Structures are given as structure tokens and as C-alpha cells.
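**Q** full-length UniProt numbering applies: residue 1 is where the sequence shown begins, and numbers increase by one.
Note that the Cβ used here is the ideal one computed from N, Cα and C, for glycine as well.
Remember, it's a predicted structure, so these values are computed and weren't measured experimentally.
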Amino acid sequence: MAENEAAPAGRPVHRPARVADKRPPARTVDLEPLPVIPDPPSPQITQFILPVLGSGTILIYGWLAHSTIMLITGGVVVGLSLLTPFVTTAVSRRSQKRRVAASAEAYGKYLDGRQEAVADHKRSLLRYLRKVTPTSALLDVWIADYSRVWSRRLRTPDFLTVAVGEGRIPTGLAVKIPTQRFDQRVDERLRRRCETIEESAAWLEPAPVTIDLYEVGVLSVEGDRAAARGVARTVLLQLAAGCGPDELHILLTYAPGGEGEWAGFARLPHVRSATADITALTASLHEILRPRAAMLNDPRWTVAEASLPHVVLLIDPYDPLTELSKVQELAYVMERSVDLGVSVIAMSAGETARPSAARAVVECRSASQADMTWIGPGRRIEGFRPDVPGTAMVSGAIQQLAGMRLVADESRATRRDKERLVDLLEVYFQHSPFDSWPRHDARTILRMPIGTTTTGADLVLDLKEAAAGGHGPHGLVVGATGSGKSELLRSMVCAMACTHSPAELNILLLDFKGGATFDLLQDLPHCVGMVTNLVDDLSLIDRIEQSLTGELTRRQEDLRLAGREVQKLEEYEALRSTTKPWLRPIPYLTIVIDEFGELLSARPDFLEILISIARTGRSLGVHLILASQRLEAGRLRGLDTYLGYRLCLRTFTADESIAVLGVRDAANLPPLPGHGFYRSADGMVQFRASQVLHRDVADPADETDAAKIVAWLSAVDRAEPLLLLPLPEPLAPNNLEIFDDRLAGGEKVGLVALGLIDRPADRAQPPLRLDFSASGGHQMFVGGPRSGKSTVVRSLILAAVRSNPGSHLRFFVVEAAPNVTAYLDDFPNVGSAALFTDALKVRRIFEAVARTVERNMNAIAEATAGTGPPRVKTVLVVDGYLAFRERFPDLEDVFARIVADGAHAGVHVVVTSGRWADMQPKRLEQIADRYELWLTDPAESAHPRAVASTLGRGRPGRGLTADAAFFQIAADFPFSADGAADAEYTAKAIGSASRRAAEAHHAKWPGATADRLSFLTDMTAATWAGRADAVGQGELFLGVSESGLATRTISLGSGDHMICTGDPHSGRTTFLARMLSDLLRSNPRALFYVVDFRAVLTKALGLAGTDRAHVARDEEEAKEVVRSLAIVMEERELERRRDRSGPPSGTPALLVVEDYELVLGSDPMALQMLSDCLPYGQELNLTVLLTQSAYGASARMDGFSRRAQESMPFFLEFSTSRTMDFLPSRRKGRTLPFGQAFLVRDGAFDERLLVLPPSR
């Protein structure tokens, strides 16, 4: 359009909400690896040898048969065999070449696709750049487009972004060529093509070369005069087309006589001054500086926030040696251009005339060549083509822009545009959030628009307290169903996130009912926690209460450490930003609680923490936003005085409106979401909330504004969580397993990480560590059926291998169900495991543990000063204590001794049971650490009933520590809701976990396994025979002890006697025959006096008629044998009295009484004359072996029996069916396999002996 043509009279321009264009994102394209060219095949020696050998047989046959034809045939075949490998190799090479060619062709097509994708990206980028920053060639299109002209707003990041030409710019697209191994050959043509694509993707040419005038402040345009003026004209026209005259003012100053160059620009509605008069320029600058200079001293305001228009000053030419340099206002503007909201374009003659405040330089070498340099960052763009518009284009653009004006009813347009929160906040997703967040001060912090009033003004929510100029510190949101309450809450949260960084403001989201109010917002970097569906798990309320209490305590402590004079968070931050930068940053915290009314109905005690926050939050920077569908009378008792503002959407009744606002107006609102009233200390206004769930209805795939905001802020580092994630659910796929990394770290010998403890107040979930070191005590886990007690045992053993070698920490397990015995019996740190049904094995384990306690206690007592505790720690696990007590009452005393002395002796006890009452109170007091799982009856809990009830059924491994902290035991395998149905899976899973743990243990501590507990079943016949042969001449071989498989003997003449009891067929007589037979062979001098009424023993040994034995088969013979022995003993007694200091006199004498009960039945006084000899067995070289039936043995108290028991004999107790009867050793009878017996001695543990050789 020609400059002299009439412009459209007053073309009105309505400035609609700007739809932010999306810049193609920077990304990296990874190319597939180049196809490798394999080495060509070549003949191998094996290809010759085998065929020649095969065909050579024909020659050999022809030679042997003297057949010429066979020799010729053989020669031909051999020759063909030699030729065959060459033919095969040639065919293989041709086939390989075809494959290589096909692969190269396929890769070439792949590169075609990648090249086209690169081209598409570059085309999209070019379209975007030309759309948002048009060059002069497209400027007329921009001006004619009503949706673009004057669409840039003062607070948008691209408000002053302009194009100065077209050149080569980076695309942000990186093509990555995969590296090849040094010994791989590839097609060089394909490699060069990849490199070509890589280079092509990196740069876009030609493309607009842009610069942000707001960022640089002062721009110097130098070089060729015509080209420099053309660039300046393009810049001014772009600014005039993109920015409205209400937000952009242009000042032109030129040298006298330069009016012709810039006269047409004076017609632009943005131009406020165009003069060559320095005085007029000074006046204009003074007018600009008057409101702006005052703002520099008030940090609460910025030029943009004050809605002052930005000023662009063009100086042609700029010469520091002229009168212009003496204008102080100009020097001040150039020095503080960015802060004052002024951009200066200086037309300089060259580097020597360049303004000292210039931050960027455009140097025009010619009409087709220019360079641009950013001073400071050192960034530079070379060789671009400057945008020099033609005279006709400039005149036409000015003609169109000169006739435009903004519509008069701006408020109505603003209301319509601001229905979307992103329009209200002027959010542009193509710009970085770091550039979009405003710089806050004490006045602007915690202020954000959330909607518009009926007058079109922004409804600004100010969370600060009234003393700081705000409406807070706490507020209330009430709205009936369908009123838009949830959308309002989302808009409030999004407004906070879009106007404040996570370092300034954190947000905690709580929803009692578990709706979808906050689902889209939990990924905001400001969100320090979100908890929904509290109604289904009230235990989460306790976690929230503890977390909030801990947060308040931390903030109070931080303020206290900052100094006594610091009473508020604002004072703390001021101190941190000035004199104490080392203080921990404390962001403001906004807690948004939806459906808080129902929350208080379920947990009225939660009101106390809300009142505590309301009272102290004003100074600690914690703000509450409470939301509910309706406000019941009395619900806010004690809390309403702290609510500074109230937002009330439509209510169903006038009474509900009066309860919130004091008036009934909210009940008369239209039934449209988002309409409501805002009441604060300043009064009450009607508003409409902006929306964040808006999406383009024409594009079903379009995301909501809330999703776009979350994605836009996703690159920002998240704030530190305030609410930790809840403890893992045991029956969920992501349950806590024993190999979880959260249980690792900080291991040392004696500590076992068994699970996680929930410490919400400390923002921590430390491992639950059982302490088996010298400072640790015993542990007890109590829980109902399927509460996870058995899992505790298995997980404990599996977890122990992470920090403890089996040689340092070993476990002995006795249990009611096969939880360890079935899966972990042979584990590296398990000494032994036994079911309660295996009574002998259980007793053996208790014997071994009790021996360990006694041995360690003696070692500690006898150790020299400075000797530490035992190196090997022993853990006795009793899984099912009540069943243990009922089945083994005789082991209660042993268990009591272990509990009483074990912790000091390096022996610890881990007990599981169904109730605390299962253990005696005095014993329970000795258990240092007690853990409670789910109980069938919460009344039996050691904690308050309300706390115990929160555990809930069906969560195995979840429990409470002694201080009422929740914990979760790590699973040894994924839990199953139906253990019986998944028995096969359980076995496989535990087996896999145990193998994994065992392998890790062996890799970390090779060979460091626990000493296995020995059992008699481990003994072989050969080993047993070797032990018997090793017995000395003067000893009786009793058998092999289960304790260490040690040999047990009785020395002849040592004064030791032995009483054997047992049922018939228990092996009692067989043992006696075996032992005496050994003695007959090993000690020919020994004298035998045998009383055997049944003659079974005599026949077995062949003693009848020998001169080495005196045998009695009836009562009379018994008297004779006893009389003969008594005579011998009398003679020895006389000799002993003559020589008291001498050794025992005579050969060893052995009195053997088989079936003592039969002897007493015939004559109760048969052995009475020998009673006085028993105490002097050692001096008289006498040993007595007495066997009897177990039935009635304890009642046989004749003189001989009584004297024998008083001499502290060995008791050898064979199997006894009457287990409730007491034996002479004061033990009850026990059932044993044939050939085994218990050796009982005063002052020692009972030992189970293998007295007969095993069958294998």
C-alpha cells in the first residue's frame, strides 16, 4: 500500500487471548549402527583334508587291486575334491556380496527416512520462527492477521524479540552416529552420508536471526549505513506490529537533516516523539524517568507489574563526542535500561563510537552480510543476511499500522480472555519456567490471580497475613456439588505453581474422599506430598499429623537458630539473603485440604493440629486452605478466627451461605461452575474462577491446561518431599522385599536390617534393625494368625547374610510349622532348625544353646581385663512360644536361663507368639525389644486400642514398635493372599531368594558359614567303630555324644558307677553286652562279678565256666557272688588302711547287676553288704554297673540303691514309654530310638549318646 493512500479510518483492533505457539523441542536422534562388512571367506585346510582322505581310499583300493581304472578314477576324484573348496569359497563370496549390498540398500532407505524426519523438523522450526518473528517479507501478512497484530503482551517473554535478518542458526536437533569397533569394516559411502545428515540436522538456513531487546537493553547497529538503517527500520516495524501502543512507546532522535529517513515512522501509533532537538529529547527522557526512577528504590514494584509501557529509544546517529553525550538522562537510561524498562537502539559509526553500555552489536558489512555479537556472553552469529526492507514495504506497513486502534471496551475482552487460567497468568509454554516466574519481593510474594471480578479486574489471592498487606494467612473454600469447587482448588494450586518457584512455595495436597481433584497436580515440582482416600485408611491421618508436627518443629528450630530476634519467616529470609546466607532455605508451605469437614467428623482430634498450624503458621510461613461442600455449625470452633478470607461458590441453602459469608447471596448464584463470592477484610466481591481443565473441543487429543502446566514445569527440580510415601503394602506387587536397597547401608556385625520403620515426623523411613551385638537384647514379635510372624523368622535369617558372616552370627530355630526347616535348614548362617514334633532335635538345640551360654559366661568371668564379648553371636529363634511351652514344659527352666544370661554371653533370643500374655510377665520384662503385629483382639495390644486397630487384617508384616511407630517387615518372597493355593509358588520363590542370599554370602565371605549342630544321625558305623577302638585299656566305652560327636567313657577304678534304666527292648542289655565284651578283649586282668537272673547277658558274653567271672543266675548264687566280692573288698580295705597314700590295690573289679528289679524281688538285702564299698570305689578299684527297668525305678529306695545314688553315679537312661514317670536321676522318662540313651550327670547338661553302632 502506498504511503499517500488513505488509511482505513480507525480500524479497531481487538486483542484476543494469545494462543501460545509451540516450538519444536530440541531432541537427539540416534542412528542405527552401520551394517558391518564381514571378511570374505577363504578356503580352510580342513576343507581339503577330509575330502582327500575320503577319495584317497579309491586310490588305495585300486593299487591293492592292481586296477588301472580304479587308479584313474581315484585320481579324478581326488582332483575334484581338491577343486571343491575353491568352488565353494567362490560361491560363498558372491552370496556374501549380495547380502552386503542388500544390507547397504536397506540402510540407505533407513537413512532416507531419517533424513526426511530431519527435514520435517527443520521445516516445522522454520514455520514456527517465521510465524512468531516475521521478517520484513512477511510483515504485511502479520499485520493483516487479526490474531497476530498487537498480540504480544507486556509480560510475555517474547515481547521485545525481533528478527534482524536471516542466516544460519542451530536447530536444537542432534543426530548421533553410533561408534563402530576398530576392527569392523563399514561402507564409507554410508558413513559419509550419516555425517552429512548429522551436519544438516544441526543448522537451519536461512532462518530468522533474532535478538531480545529487553535482555540486551542497549543495541548498537554499526557498519554500512544503508544496511544498518534497514535493520533498524525492520526492528521498529516488527515491534509496532507485534506490540500494542498501550504497552510499547517509541522515541526517535536523529541528527539535523535526518527527518527524511524517519519522518514516516512518526505516524505509527506507538511513536511518542520524533525529533532532532536535544532539548526535546531531554524532556521526553525526563518524563519517562520520573515514575520509573522512583520504582528503582522500591523493591516491591517492577515496571511490568506497574503496567508502565516499555520504551524503545532509537538514536541515529549515536556519537559520544557530540552534545548528545552530555545529556545525563540519556546516560542514566543506558546504564539502567533493563531496570527502567527502556531499550536503546544506537546507530553507531563503528567500534570507537559504540555506547559503553551496549550489550549487543549488529555489524552490517554490506547489504548481504552482517554479524551479531552479544557482549559479555561472547555469543556470535556471523554471515547472516541483514533484513533490509524496501521503501514500498516500509510505507505500506506504516500506512496499515497508522490506522489501527484498540477497541474501547477492553474490560469486556479481558473478561472473556481470562476464563482460562493460562490466559489470566499469561503463561507461554514455549518459554522456560525460570524466565516466566516473576521476581518476588515482600509485597508480591504469595500473590496470584485466580479469576476475574464482575468489573473485569483480576481477583488476586494474597495468602499473606493482613499485617503484611494480604488477606490470609488461612482461608476457607466452600461450594456445593457442581459448583466448581474442585476446579477452583486446581486453579488455585496451578496459579501458585505458575507464579512461584518451588524454592519459594511448596504445596501439600490432602483429599479425604479420594476423588480426582488433585490427580493431575501431584507431579508439580512444588508438590511436597499428596494423600487421597484417607477415608479407607485412617492410619494415614496419623502419618500426616506426625509429618505436619515435625515440619512445624523444624521451622521453629530453624528460626531459633537464626537468632532470638527472628520471629517470622520473612525476617528469617531477609537475614538469609543478607548476613547469614548459610541458613537453610525455608519455602512457604500451603496445605490444601479438600473435604476437611468429613475429615474432622472421622477424626475430631485432627482439629488440634489444624489449630496449631493456624496459630503458628502466620510466623512460620505455613498457610491453610480448607475446602468442603458445606460448613456445619460449630465445625470451625477455635479455627474460624484464623481464617482471613473465604471463597464461597454456590450453596444449596441460604443458611449454608450465611454460615460462610454472613449473607445469603451465595445461594442465589447461577447454577454454573466457578461463580462465587470472595470475602476478606477488604470486603466482598463476586468473581468467576479461571479454569485449568480447558481443552480444544475440535482436537480430541488436546491436553488440558492443567496437564500442559504440569508438563511445562516438569523440567524443574522437585521440592523436598514433606510426606514420605507410605510403607509398602505387603500384598502389592511393589511390596518391600528383603533385598531392597532401602535396607542396605550401615551394616555391621550384629545388626540385621529386617524392614522399614515409618518416622513421618523426621521425614525418614530408617531400616528396622535387630541388634544382636553386645549392647543388644532379646526380641519378641507378637501377632495374630497370618500377621507375618513366620515371615519375620525367614526374613530375619535371609537378611542376616547381608551384614553378618555365618561364622559371626548363627541361628538356631525351633518352630511349630516348617517355615525355616523346609526352606532354610542348610542356610549359611543356620546352625540347626527343628520342628516341635522332633522333640529330640529341639532338646539338642536347647542343650547346645545353653552350653554356649554357660561356656561364654565362664569365658567372660575368667578372661583377662580388656577381653571383649564372644566373637560368635548366637541367636535362638522360637517361632510359636505358646506351643513350645505346652509341648516342652521341662525346657522352660533352660529357656529361662538362656533369656536371663544370654544377652551378656552373646546369645540372643527371638520369640514369636500370638499374644503378649503367652509369656510370663517376669520373663517378658527381660525382652528388651518388643514388636507388635496385627492382633485378633486389639484389647490385648500393648498400645491404645485406637492405634492397634489401624494395623488392620490382611497386611502381613505390618506392625508397631514399642514407641508406636509403624514398621513393615521385608518379605522373603512376594506375599500371597492364599498361602495354601500358592504353596508351590511359595516354595519356588523362597528357594530362589535363599539361593540368591546364599550366593551373595559366599561371594562376600567365602567359607564363613555357621558351625552346624552335630546329631547322632551323622555318625557312621565305621566312625563309631574307630571311636570304640581308640578307647584306652582302663576305660569303658559308653558311646558317642551328640554334643560334638565326642567319645564318652568311664574309667575303671575311678570310683564312677553307672545306673542304667530303660524299657525292655530299648537296647539296655545289648549295650551292656557290647561294653563288657569290649572290656574282656581290652583288659584281661579285670575281674567280673555278674548277677544275671535271666542269663541273657551271660550267654551273650560266654562267661559261664570261666575263671575271670563270678556269675550268679539265681538268689543263692547271687549271695555267693556278693559274698566273694565282699571278701575281696574287705581285703583291699585292710590294705588301703595300711598304706593310705598308695594307689588302688588289686586288679579292677566290676560288679554288673542285670535286671536289678528281679534281684530285689528275690532278696531286698541281696547287695546290702556291698553298700559301704560304693563311696570308696576309686580306693577299692571297684566299678558298679546296675541296670534296671524304668517302671518303678524311682520308687526303689533300698539301701544299696540309695547309697549308689548318693555316690553321684552316671545315669544312662534308655527309651522309656512312661514319659510322665520320674527316673532315679530325677528326670522324666524320654522316648528314644533303639541304641540311644541319655547320659545324666550332676552339674552337667544331659547328653544323648549313641551306645550301639549305627546300621550304616
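Using 10 angstroms around the beta-carbon of S95, count the other beta-carbons present and answer buried if the total reaches 16, otherwise exposed.
**A** In the assembly as shown, S95 is an exposed residue. Its beta-carbon has fewer than 16 other beta-carbons within 10 Å.
**Q** Looking at the structure shown, is F1238 part of a helix, part of a strand, or coil, going by DSSP?
**A** strand
**Q** Cα separation between D1011 and E862?
**A** Their backbone Cα atoms lie some 24 Å apart in a straight line.
**Q** Mind checking L1186: buried by the 16 CB within 10 Å criterion, or exposed?
**A** buried
**Q** CA-CA distance, R763 and I625?
**A** 23 Å
**Q** Starting from F1088, trace the beta strand (DSSP E) in both directions and tell me its first and last residue.
**A** 1087–1092
**Q** Among the candidates A774, G1062, G1007, R769, whose CA atom is the shortest distance from the CA of I797?
**A** R769
**Q** According to the Cβ coordinates, are A1190 and T1216 closer than 8 Å?
**A** yes
**Q** With 16 other CB atoms within 10 Å as the buried threshold, where does M372 fall?
**A** buried
**Q** With 16 as the cutoff for other CB atoms within 10 Å, does R15 come out buried or exposed?
**A** Its Cβ being crowded by 16 or more others within 10 Å, R15 is buried.
**Q** Assign Y1191 to one of three DSSP states: helix, strand, or coil.
**A** coil
**Q** Return the chain-ordered ranges of every alpha helix (DSSP H) run that is complete within the stretch 757–822 and spans a minimum of 4 residues.
**A** 789–803
**Q** Going by the beta-carbon positions, is the gap between I450 and L459 smaller than 8 Å?
**A** yes
**Q** Restricting to runs no shorter than 4 residues, where is the alpha helix (DSSP H) found entirely within the stretch 821–879?
**A** 839–862
**Q** Can you tell me which of the three DSSP states R300 falls into?
**A** Interpretation of R300 is limited by its pLDDT of 43, a score under 50 that renders its predicted location unreliable; no figure is taken from the coordinates.
**Q** How would you label N533, buried or exposed, when you count the other beta carbons within 10 angstroms and need 16 or more for buried?
**A** It counts as exposed.
**Q** Could you please give me the residues that DSSP links to T161 through a beta bridge?
**A** D212
**Q** For V235, which beta-bridge partners are listed by DSSP?
**A** The partner list for V235 (beta bridge, DSSP) is empty, contrary to what the question assumes.
**Q** Where do the ends of the alpha helix (DSSP H) carrying H121 lie?
**A** 68–132 is the span of the alpha helix (DSSP H), which, as asked, contains H121.
**Q** Mind checking whether the beta-carbon of V1159 lies closer than 7 Å to any heavy atom of the ligand ZN?
**A** Because no ligand of any kind appears in the structure shown, any question about the ligand ZN cannot be addressed here.
**Q** Apply the 10 Å Cβ neighbour rule to A2 and answer buried if 16 or more other Cβ atoms are within range, or exposed otherwise.
**A** Residue confidence is low: A2 scores 34 on pLDDT, short of 50, so the model does not pin down where it sits. Its coordinate-derived value is still stated next. By the 10 Å Cβ count, A2 comes out exposed.
**Q** Name the residue from N1083, L1134, A442, D1155 whose alpha carbon lies nearest to the alpha carbon of R1113.
**A** Each of N1083, L1134, A442, D1155 was checked against the Cα of R1113, and the nearest Cα belongs to D1155.
**Q** Straight-line CA distance for Y428 to E729?
**A** 41 Å
**Q** Could you tell me which of L1045, K1119, L1182 sits nearest to A1086, measuring between CA atoms?
**A** L1182
**Q** Quick one: what's got a C-beta closer than 6 Å to V1152's C-beta in the same chain, skipping five residues either side?
**A** V1090, L1185
**Q** Inspect the beta-carbon positions of E573 and L722 and report whether they are closer than 8 Å.
**A** no
**Q** According to DSSP, simplified to helix, strand and coil, what is E1247?
**A** For E1247, the three-state secondary structure derived from DSSP is strand.
**Q** Taking 8 Å as the limit between beta carbons, can you name the residues of its chain near Y823, skipping five residues before and five after?
**A** R794, A987, I990, G991, S994
**Q** Thinking just about the alpha-carbon of each residue, which of E32, P170, L126, I60 is nearest to the one in S103?
**A** Checking every option, the nearest Cα to that of S103 belongs to E32.
**Q** Could you tell me which residues DSSP pairs with S628 in its beta bridges?
**A** V478
**Q** Please report the distance separating the alpha-carbon of A946 from that of R603.
**A** 11 Å
**Q** Specify, as a first and last residue, the run of the beta strand (DSSP E) that Y645 falls within.
**A** 643–649
**Q** Does the distance from the CB of H270 to the CB of I250 come in under 8 Å?
**A** Cβ atoms of H270 and I250: closer than 8 Å.
**Q** So, helix, strand or coil for Y931, using DSSP?
**A** strand
**Q** Is the Cβ-Cβ distance between A905 and I860 less than 8 Å?
**A** yes
**Q** Give me the Cα-Cα distance between I544 and P760, rounded to the nearest whole angstrom.
**A** 7 Å
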